[in-house]
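In our numbering, the protein residues as written are 193 to 323. Even for Gly, the Cβ is constructed at its ideal location relative to N, Cα and C. For reference, the structure is listed below as structure tokens.
What follows is the structure, given as structure tokens:
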């Protein structure tokens, strides 16, 4: 069981890095460019903090699925991931839009990205963590 949890966490990390790279560096880049004063340059980002936050989110996904979801299946993982991803996406996308002058399209991109990342994490958990 522990091995499947660790493999799930590593799989989620890889999926999220790929998703974030595609989303932020390519798809949303033009929207970031519209408001350069809002963003830190890449060389000023606190990368240890980025990875610490990412690992905490992954731990919450994995442990919540393991401890609270029963029976465990691909369908249960997708439902769990979709719901949690929706909550995280709304918070990061539209929660930020409420307080900062970011373009509406960026809020939608963050929302959809969060939802997609939740679905990816749920699918990985549903496939790798047996009931």
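- Judged by DSSP secondary structure, residue 218 falls outside any alpha helix (DSSP H); it is assigned neither H nor E.
- Taking the Cα of residue 307 as reference, the smallest distance to any Cα among 202, 296, 286 is reached at 286.
- Below 8 angstroms, too few C-beta pairs join the segment 284–303 and the segment 253–265 to call them touching: fewer than three.
- A distance below 8 angstroms separates the beta carbons of residue 311 and residue 274.
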